[in-house]
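Numbering (this note's numbering), first residue to last: 524 to 1486. All C-beta atoms, glycine included, are put in the ideal place defined by N, C-alpha and C. Here the structure is laid out as structure tokens; the discussion comes afterwards.
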RNA sequence: GCCGGGGUGGCGUAAUGGUAGCCGCGCUCGACUCAAAAUCGAGUCUCGCAAGAGGUGGAAGUUCAAGUCUUCUCCCCGGCACCA
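Dropping the structure here:
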């Protein structure tokens, strides 16, 4: 009798069985090889598990299941990152206790994750809102405080004027409060900060030690934003004040024609009495307060600013008097909060200078290295002044270009030539147009503001040339006056006229493309180059000049980071209380470690206060306390920690989750995290904040010798999101959320897991498609059928039909495929190419359907399937007579000898087009292949009566014949 | 705007620089059925009767050979420090 594949029955059955047998619990003996696989623990939101969780959890589940079968002691833990805004906002709205809400939500998540069949070690479940857990979050904060890494600083928060509540950036939508639409302003508040910038250099440098995806390292490095630059002081005229600027382009100092301060810069207030247009300045500062940093620096927005009239600064390089401005594109938080503006060589300064008609002085000559004729090492460099002219015929808007012949064949340029001794640039323009186009009646309509240059090798003269060029736009007054071009010039080049839009398609030298683009649309020259208009520094390279000029003006070379210190305060209820007590006499006093954890008080209302303080500030019974030092009256800190706190060290707690003496024992840490977590997978969206924060905390703990290694994670990979069918984010408000419960009920967890592994490349975003799930489901039904057939067969071999000879041919072809598949799936899992692993198993099963399969071969297939679809694999495994779980069996090894193929089919191309195929021995030599190929009948029409210029044979790959 | 990623059939996608479209969905036709579903078989990039030609967002380039490498350009997605 046949059983239908009933996922409901077998999935529940095995989930219970596994829990009973504890097969996924990590062994605690601290012996043998171990593997710690980690996923980001979920935030238990009210909307339940997202299908995206299933994707990332399954991926690490597949990896850890494979490791377990490879004999590792595996730790694959789970927990809840449960403090946070949504729960608190829900509590404010409903009056329900956030603790209760969290209990309900984690209950839903736990049930859903269990239904997914994940091999988590549930005995180590943690919850960041559990006092036994956050006691240690507070404890680590106190260690930071003791080391001077936690400090108070005035910063700005988003303040909703109508809700009277501090808002997260996310809650500010288009400048207004997300919930009430009220006006949002910046409000100053003293907040706790963590000095992550003290670790900036190590956070950057130590990325070399770890195995993170390259794009993750790049993003972290960019976020940390290390840059070498100079600090230079501009004195304020007639006043004993200095403006310190940070710049990475000290080489352009002679071109600094004004200075810009951030509107918040302290000097602005200081200079108030000297500023003659203070009203205007003050209004501007007010306006800026209502903008976010992103709005401020976005380059598509027009730059704004106000001059500080009455104030002048002195450029220390040339002692020139320059104006001083405030503008919102300068941020107080980066560098020194002031910049020197060099409009000729910085896009933003250029735009600003154009708008406010400020002087623009070129000090760097851009140098283009010709790619076709690059300068050669060791040759003499000859400098030449040149003109490059784009000549326009006004009648048809066409431009004259020269197609060069001889040694310059293939090159197309504008009209060009050298400026002779004693000749002006303009004279050279007229001369060259006359020589090369034989037109004398022209008019110069534009001269390029910048001088640019090109370096190339003039190979016929065996010298390198530096052509210093001036670009011109000229117009023909009267084309009818065109004379005859001399024979000599004709031999050198042909004159052609092309439409404006075709100039770029024809023009070949990069240098001339730059000049053309600049003539049409002038913009700043931002590249390094050679100095000009810079007195004794002329002709230096930018790189040399940065150092020399910084020295010359008494500045210093410094390293700056974009990374800012971490604002650690939240004016919220649902977070870890910051364990600090304010005593009027003693100042800030840390809560003694024996008094940890500082618990959240039980209250009825979670409404924030109306003065920007946390809801905790209203609970006087909790706030008022005694100072641990002087026993006098004192108040508790009412700010709580951000949700990032608990997630900065949670992976450490998993190794010893019930320890109440320390956050984890040394022994457990050494065994499990001796060299860091083995493999941490998470979302790209966590690359800059969570990942960096937890690396920072870990380094701090390492410095206290509390963890054995300076980096927390050995390997970091990332998953892509699952979007709704229409390619949008899934969200309640859009109503396009897929509930995994329904999918599991209808198709089974095995199918859902398999589908999500098959859906597309793991690291990329993909759209959900309920329609497509049927594919993986059909696949599992086929597997079920084949398994049933083999299981019910009497023969141990599992072969029910066929003669001896057909069995042999079965052995040869099928086993080759089987072992290739084992190899591919094994390797694909390591590289997270889950989609192609599933695809190759589908190919194998399609083949299995066509023939009888030996039981032991089918068992090997079940083993490689088992990490993806653990329940059905287990069920069939037992059905075939096995007595112990498939998940504790040994991962199958592929047999190299079975994969090897002697004869291969390769394509034969003629001029790059496939014209035929040929079957050859794998290691045939070229002559043999050539002989075989040239006599192919199917190739005759393509090579007959043609001369074979080249015969290319890439062993084992392809043949290409060039005729 | 800055930083990071991506663009290939109707759809999700595959392809160490070497026969573009494997695998899956959908669709078409056929078998089974009174019928439908399920299942099984055949087909499915475009144009063309065919031979063949064209084709991986667009333009140019390197190469015997480009989806893959280089430059430019257009479009889409993620992050931007108080969402997690």
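Got a sec? Which residues, its chain only, sit under 6 Å from residue 574 by beta carbon, not counting five neighbours each side?
-> 1245, 1261 and 1263
Would you mind working out which of 1247, 1474 and 726 sits nearest residue 1449, comparing C-alpha positions?
-> 1474
Between residue 1363 and the rest of its own chain, which residues show a CB-CB distance below 7 Å, the 5 nearest in sequence each way excluded?
-> Only 1344, 1347 and 1348 meet the Cβ criterion.
Proximity to residue 1057 [Cα-Cα], best of 1205, 886, 754 and 1438 | 886
Please name the residue in 836, 850 and 842 whose C-alpha comes closest to that of residue 825.
-> Cα-wise, what sits closest to residue 825 is 850.
Spell out the partners DSSP gives residue 1103 in its beta bridges.
-> 1113
Helix, strand or coil: which one does DSSP assign to residue 709?
-> Note: residue 709 maps to strand in three-state DSSP.
Does DSSP classify residue 596 as helix, strand or coil?
-> DSSP places residue 596 in strand when its eight states are reduced to three.
In the DSSP assignment, find the beta strand (DSSP E) that holds residue 934 and state where it starts and stops.
-> Neither: residue 934 is in no beta strand (DSSP E) and is coded neither H nor E.
Leaving aside the five residues before and after residue 860 along the sequence, list all residues of the same chain whose C-beta is less than 6 Å from its C-beta, in chain order.
-> So the qualifying residues of the chain are 785 and 788.
How should residue 1215 be labelled, buried or exposed, when 16 other C-beta atoms within 10 angstroms of its C-beta is the threshold for buried?
-> buried
Which residues DSSP lists as bridging residue 675, in chain order | 715
Could you tell me which uninterrupted alpha helix (DSSP H) segments, each at least 4 residues in length, are contained entirely in the region 941-968, listed from first to last along the chain?
-> 948-960
Coil, strand or helix - residue 773 by DSSP | helix
Residues that DSSP places opposite residue 1205 in a beta bridge | 1241
Using DSSP bridges, identify the partner residues of residue 1069.
-> According to DSSP, which records beta bridges pairwise, residue 1069 is partnered with nothing at all.
Can you list, in chain order, the residues of its chain whose CB lies under 8 Å from that of residue 946, leaving out five sequence neighbours each side?
-> 954
Quick one, are the C-beta atoms of residue 656 and residue 649 less than 8 Å apart?
-> yes
Between the Cα of residue 1079 and those of 782, 1010, 1293 and 751, spot the shortest distance and give me the residue it belongs to.
-> 751
Cα separation between residue 1118 and residue 555?
-> 39 Å
May I ask you to report which of helix, strand or coil DSSP gives residue 927?
-> strand
Buried or exposed: where does residue 703 fall if 16 or more other Cβ atoms within 10 Å of its Cβ makes it buried?
-> exposed
Out of 566, 668 and 684, which has the shortest C-alpha to C-alpha gap to residue 627?
-> The residue among 566, 668 and 684 with its C-alpha nearest the C-alpha of residue 627 is 566.
Determine the burial state of residue 1328: buried for a count of at least 16 other Cβ atoms within 10 Å of its Cβ, exposed for fewer.
-> Residue confidence is low: residue 1328 scores 48 on pLDDT, short of 50, so the model does not pin down where it sits. No coordinate-derived value is stated.
Contained beta strand (DSSP E) runs [length at least 3] in the region 809-894, N- to C-terminal order | 828-837, 844-850, 861-864 and 887-892
Label residue 1387 either buried or exposed according to how many other C-beta atoms from any shown protein chain fall within 10 Å of its C-beta, with 16 as the threshold for buried.
-> By the Cβ neighbour-count rule, residue 1387 is buried, with 16 or more other Cβ atoms within 10 Å of its own.
Indicate the three-state DSSP secondary structure (helix, strand or coil) for residue 905 in the structure shown.
-> strand
Taking Cβ positions, are residue 888 and residue 991 nearer each other than 8 Å?
-> Contact: yes.
Assuming residue 660 contacts residue 1099 (C-beta within less than 8 Å), just tell me the rounded distance between them.
-> About 5 Å; that satisfies the 8 Å criterion.
For residue 650, three-class secondary structure by DSSP = strand
Hey, quick one: how far does the alpha helix (DSSP H) through residue 561 stretch, first residue to last?
-> That residue, residue 561, is in no alpha helix (DSSP H); its beta strand (DSSP E) goes 557-562.
Touch check for the region 959-971 and the region 865-878: three-plus C-beta pairs under 8 Å?
-> no
In whole angstroms, what separates the C-alpha of residue 1411 from that of residue 586?
-> 14 Å
Using a Cβ-Cβ cut-off of 7 Å (strictly less than) and excluding sequence neighbours within five positions of residue 732, which residues of its own chain qualify?
-> 1234
Can residue 715 and residue 1223 be called in contact, C-beta distance under 8 Å?
-> no
Helix, strand or coil at residue 1192 according to DSSP, with G and I counted as helix | Three-state DSSP puts residue 1192 in a helix.
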